[in-house]
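Using the working numbering, you'd call the opening residue of the sequence shown number 66 and step up by one each time.
A virtual CB, placed ideally from N, CA and C, is assigned to each residue, including glycine.
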Amino acid sequence: MFKLEKLSEHTAVDIATQMTTRSSVLGAISLGKYSIAIDSGNPLEIGQGFRKNLESYFNLPVRYLFLTHAHSDHRGGMNAFKDATLLLSQKCKENMPKSTSFSKWIIEPFVDKFVLEENNLSVEFHHVGGHSLGSSVVHVLNEGILYAGDLFFTEPINFGLPFLGFYQSNPRKTGNPEECLAAFHKFKSMKLDYIVPGHGEVVDNPQEYLDEQIEFFNSLKSFIISEIQENKTLEEIELPKIGQIEKAYQIIQTKSQKSKTLRFMDTMLNWIKKSFYEFYKESKST
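If you want it as structure tokens, here you go:
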């Protein structure tokens, strides 16, 4: 736990902590004079441990805490960074729990894009939505690194299946597949060596991976729209075994507790189905 590993000269990632806690992948960027923490993990003790590890790794003070979105596994430890500037999208700020107090924080909210340039490095923060109302990503241009938050789940987490269950808190809504697709196409235009997901292992074949995600989302979109046009209810729809769904079933065959693993996957598939159905059902009616 709390083990930052090098991605590039100025970037690092902690994959280990998420594997033994209810936390997320944690990221770190050095801009020469200061560092940026990407998500805080959850709970406070995780944030504290991550900060200590980050300051030791780069031997630099943490100037910014960037939150990819408002879900608790990514922001539950944020109070460990109260003396840093909180960087987040405006939509993320609006989607935070009502109990969240920003009174003692220095906050830098942005609408679409925010850029930091230092030490001949350029770091871009983009609001993209999709997984969550305020979901944003970090692109380290010079080094081809994309910290994508929960736009992506990769194996071994959730069988690599996307999760769009909790897009907005009030009123509660599931995810936005169209925003996901727009984000994926945006990422395709970037020169990337690695994609860091919100959960799972780092992606080292980004263009191929993005093509797979685009194909998967488009196939699900076409299928769900067709089912809606046939006036099927959510309960009547059974997702086809395509793309990552087919891979997930193959993974289950290698597991010792197949029935338990199947139940978990059924839960994941139901969230995917519900998210796509609710979004395109609503789109049809407007």
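Point to revise | beta strand (DSSP E) segment containing Thr76, residue limits | key: Thr76 to Asp79
Check your understanding: In chain order, what residues of the same chain have a beta carbon less than 6 Å from the beta carbon of Val176, not counting five sequence neighbours either side?
Key -> Gln155
Point to revise | Endpoints, alpha helix (DSSP H) assigned at Pro242 | key: Pro242 to Lys253
Point to revise | Sequence ranges, beta strand (DSSP E) only - wholly within the segment 163-234, length at least 3 | key: 171-175, 178-183, 186-192, 201-205 and 210-218
Exercise for review: Following the continuous alpha helix (DSSP H) through Ala313, name the residue where it begins and the one where it ends.
Suggested key: Gly308 to Ile317
Exercise for review: Note down, in chain order, each residue of its chain lying with its Cβ closer than 7 Å to the Cβ of Glu292, except the 5 sequence neighbours on either side.
Suggested key: Ile302
Check your understanding: Can you tell me the Cα-Cα spacing of Glu182 and Tyr99, whole angstroms?
Key -> 12 Å
Review point. How many whole angstroms separate the CB atoms of Ser73 and Ile210, which I take to be in contact at a CB cut-off of 8 Å?
Key: 6 Å
Check your understanding: Are Asp215 and Ser201 touching if we call contact CB-CB under 8 Å?
Key -> no
Point to revise | Every unbroken alpha helix (DSSP H) within the segment 92-155, with a cutoff of 4 residues, ordered by chain | key: 109-123 and 137-140
Point to revise | Nearest to Gly142 (by Cα), restricted to the options Glu159, Thr165 and Phe123 | key: Thr165
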